[in-house]
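Chemist: This is the structure I want to talk about, given as structure tokens.
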DNA sequence: TTAATAATATGAGATATCTCATATTATTAT
DNA sequence: ATAATAATATGAGATATCTCATATTATTAA
């Protein structure tokens, strides 16, 4: 992890205005952290010292269960908060956050600002919206995971993440995300290829029948 | 649905102070609604006119999927908000909310207060905490549902809801909540009885081996 | 460059869970 | 009180998903 100083720090502060996030001056105390790919921004089970706001990059939220299974709970992108649960709740089991790509965040020391933040309507309004979206997405994913087999959820995921008609995600990540075994994920990929929905290109998959995948994914959506 | 007026309304306002929820006077505009058991407080797909705050009773959040499956997403209890998603988000698929018991709520007309509420730090702070807990619970349920079979999740649910050692929930509700078929739920109940963890008493189940259920449930929890 | 590690791949057999059919028993409405 | 509806109950067979074993191929570190 690298902390930006001086000109570099200044440049980021200027280029990514945070005026819409806080109604009191925080610039002086804000740090700018850069995490490398695969580096842990927060370690599972350890309370973070900072409230983060992601300005560049992608990360993943992980939790490890007692039986050793690992769930990839969600992806984090630019303009997401990290560590807000620990800011708000005194008791909270901290989940692990790992950078997927190089990730740059604003980092605000919690102990120094907690009281002020909890009285700042501007900050709270943004955070509330963020949390409401987060809670909604979680509820949606939850109910979908219970109501539909992998076939539908994978079709949706392929369409969401494909880049110019080509799906390139890593299987190991995706089976943690969709909560199925590696073996079963591969079964369904094979099935999609057999049906002609996808065609394997090395380690990637080319979408051949967009509409078939779309139909499978559509079943997840509301009326 | 009944709207309390005059003395009855006044009594509820006095007995359930809302001073900690808002920093501006709302009493004049607050309605008090009483819903009967099984009545819909919000209908799925229809935007509500009110932000509700539950003061008595219990309710359930439902969503219906395209394939006809119904998910019971969560339970709502006293001191929970209802309709906060619609207050915060312009586009939102409204889930259905049904009273499980007689339920009494404060009801604040959204259109009249939206702007003020979104600038009220006291209100936002409470709501933020509520949402953070909600998002956390959803994430937890989600990851658990993917990582563990019904056996573990049911053991946890039995211990959570049993009343003096007796489990009394309705199977039809529980299979929507735990996201499994009625048939499978019954299989696992039979299994628990065969193992001697539970004993059937009419339509209820008496817990016979608390520690066995506890062990199964414990697997869900973090280290 | 080589060894170690991570990711992909596939088979075989087990288990968790679902669908559908059909009864029986409560509960609710007429 | 009777009929209609909701909830409980159980069997049989199908399918979705898991575990484990074992290879092969990339990627990373020594």
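Residue numbers (the working numbering), protein chains in the order written: chain A, 6 to 228; chain B, 6 to 228. Cβ coordinates follow ideal geometry from the N, Cα and C atoms, glycine included.
1. Going by C-alpha to C-alpha distance, which of 39/A, 67/A, 171/A sits closest to residue 110/A?
2. For the segment 100 to 129 of chain A, which residues have a CB atom closer than 7 Å to at least one CB atom of chain B, in sequence order?
3. I want to verify the contact list: residues of chain A whose CB lies under 9 Å from the CB of residue 11/B, in sequence order.
4. Could you have a look at residue 103/A and say whether DSSP puts it in helix, strand or coil?
5. Quick one: is residue 200/B near chain A, going by C-beta distance under 8 Å?
6. Candidates 11/A, 165/A, 122/A: which alpha carbon is nearest residue 29/A's?
7. So what does residue 64/B bridge to, in DSSP terms?
8. Pull up the CB-CB distance for residue 41/A and residue 65/A, whole angstroms please, since I reckon it's below 8 Å.
9. What does residue 184/A touch in chain B if you count any residue whose Cβ is under 9 Å from its own?
10. Using a C-beta cutoff of 8 Å, does residue 171/A count as contacting chain B?
11. In terms of residues, what are the limits of the alpha helix (DSSP H) holding residue 216/A?
12. When DSSP builds the beta bridges, which residues end up paired with residue 47/B?
13. In angstroms, rounded to a whole number, what distance separates the CA positions of residue 145/A and residue 70/A?
14. Kindly indicate which residue of 156/B, 112/B, 192/B has the alpha-carbon position closest to the one of residue 7/B.
15. If we count Cβ pairs, one from each stretch, closer than 8 Å, do we get three or more for the segment 153 to 161 of chain A versus the segment 204 to 221 of chain A?
16. Using a Cβ-Cβ distance cut-off of 8 Å, determine whether residue 64/B contacts chain A.
17. Using C-beta distances below 6 Å, list every residue in its chain close to residue 171/B, excluding the 5 sequence neighbours before and after it, in chain order.
18. Return the bridge partner residues of residue 8/A from the DSSP annotation.
19. Is the shortest distance between the beta-carbon of residue 25/A and the beta-carbons of chain B less than 8 Å?
20. Measure how close the beta-carbons of residue 54/B and residue 26/B come, nearest whole angstrom, since I'm counting them as under 8 Å.
21. Nearest CA to the CA of residue 117/B: which residue from 163/B, 36/B, 192/B?
22. Any contact between the segment 134 to 153 of chain B and the segment 81 to 99 of chain B? By contact I mean 3 or more CB pairs, one from each, below 8 Å.
23. Looking at residue 81/A and residue 107/A, is the spacing between their C-beta atoms short of 8 Å?
24. Using the Cβ count rule (16 or more neighbours within 10 Å means buried), how would you classify residue 31/A?
25. Within the 8 Å Cβ cut-off, does residue 215/A reach chain B?
26. Would you check if the distance between the CB atom of residue 77/A and the CB atom of residue 182/A is smaller than 8 Å?
27. Residue 21/A CB to nearest chain B CB: under 8 Å?
Modeler: In terms of the structure at hand:
1. Position 105 of the first chain, counting from 1, holds the residue named residue 110/A. The residue with the shortest Cα to Cα distance from residue 110/A is 39/A.
2. Within the segment 100 to 129 of chain A, the qualifying residues are 123, 124, 125, 126, 129.
3. Here the question's residue 11/B lines up with position 6 in the second chain. Residues of chain A with a Cβ closer than 9 Å to the Cβ of residue 11/B do not exist; the shortest Cβ-Cβ separation is about 35 Å.
4. Reading the first chain from its first residue, position 98 is the one you call residue 103/A. Three-state result, residue 103/A: strand.
5. Sequence index remark: in the second chain, residue 200/B carries index 195 (1-based). Taking Cβ atoms only, chain A never reaches closer than 8 Å to residue 200/B, which makes this a no.
6. Locating residue 29/A in the first chain gives position 24, where the first residue counts as 1. The option with the nearest alpha carbon to residue 29/A is 122/A.
7. As a working note, residue 64/B is residue 59 in the second chain. BP columns for residue 64/B point to 81/B, 104/B.
8. For the purposes of this step, residue 41/A is taken as residue 36 along the first chain, with counting starting at 1. For the purposes of this step, residue 65/A is taken as residue 60 along the first chain, with counting starting at 1. With a Cβ gap of about 14 Å, residue 41/A and residue 65/A do not count as contacting.
9. Here the question's residue 184/A lines up with position 179 in the first chain. Per Cβ cutoff of 9 Å: 147, 148, 150, 151, 152.
10. The count along the first chain starts at 1 and reaches residue 171/A at position 166. Look at residue 171/A: its C-beta is not under 8 Å from any C-beta on chain B.
11. Position 211 of the first chain, counting from 1, holds the residue named residue 216/A. Taken as a continuous stretch (DSSP letters only), the alpha helix (DSSP H) holding residue 216/A covers 215 to 223.
12. Position 42 of the second chain, counted from the first residue, corresponds to residue 47/B. Paired residues: 102/B.
13. On the first chain, position 140 is the one that residue 145/A refers to. On the first chain, position 65 is the one that residue 70/A refers to. If you take the alpha carbons of residue 145/A and residue 70/A, they lie about 21 Å apart.
14. Here residue 7/B refers to the residue found at position 2 when the second chain is read from its first residue. Nearest neighbour of residue 7/B by Cα position, chosen from 156/B, 112/B, 192/B, turns out to be 112/B.
15. In short, these stretches touch, since the Cβ pair count reaches three.
16. By one-based count along the second chain, residue 64/B stands at place 59. At a cut-off of 8 Å, the C-beta of residue 64/B has no neighbouring C-beta in chain A.
17. Translated into positions along the second chain, residue 171/B becomes position 166. Excluding positions up to five away in sequence, the list reads 209, 211.
18. As a position in the first chain, residue 8/A is number 3, starting the count at 1. Note: residue 8/A sits in a beta bridge opposite 38/A.
19. Here residue 25/A refers to the residue found at position 20 of the first chain. Taking Cβ atoms only, chain B never reaches closer than 8 Å to residue 25/A, which makes this a no.
20. Stepping through the second chain from its first residue, residue 54/B is reached at position 49. Stepping through the second chain from its first residue, residue 26/B is reached at position 21. Wrong, their Cβ atoms sit about 19 Å apart, outside the cutoff.
21. As a first step, residue 117/B must be located in the second chain, where it is residue number 112. The shortest C-alpha to C-alpha distance from residue 117/B to any of 163/B, 36/B, 192/B is the one to 36/B.
22. Result yes; three or more Cβ-Cβ pairs closer than 8 Å.
23. For the purposes of this step, residue 107/A is taken as the residue at position 102 of the first chain. For the purposes of this step, residue 81/A is taken as the residue at position 76 of the first chain. Against a cut-off of 8 Å, the Cβ pair of residue 81/A and residue 107/A comes out as no contact.
24. For the purposes of this step, residue 31/A is taken as residue 26 along the first chain, with counting starting at 1. Under this definition residue 31/A is a buried residue.
25. Position 210 of the first chain holds residue 215/A. Not a single C-beta of chain B is nearer than 8 Å to the C-beta of residue 215/A.
26. Locating residue 77/A in the first chain gives position 72, where the first residue counts as 1. Locating residue 182/A in the first chain gives position 177, where the first residue counts as 1. Their beta carbons are under 8 Å apart, which means residue 77/A touches residue 182/A by this criterion.
27. Translated into the one-based positions of the first chain, residue 21/A becomes position 16. Under the Cβ criterion of 8 Å, residue 21/A is not counted among the residues facing chain B.
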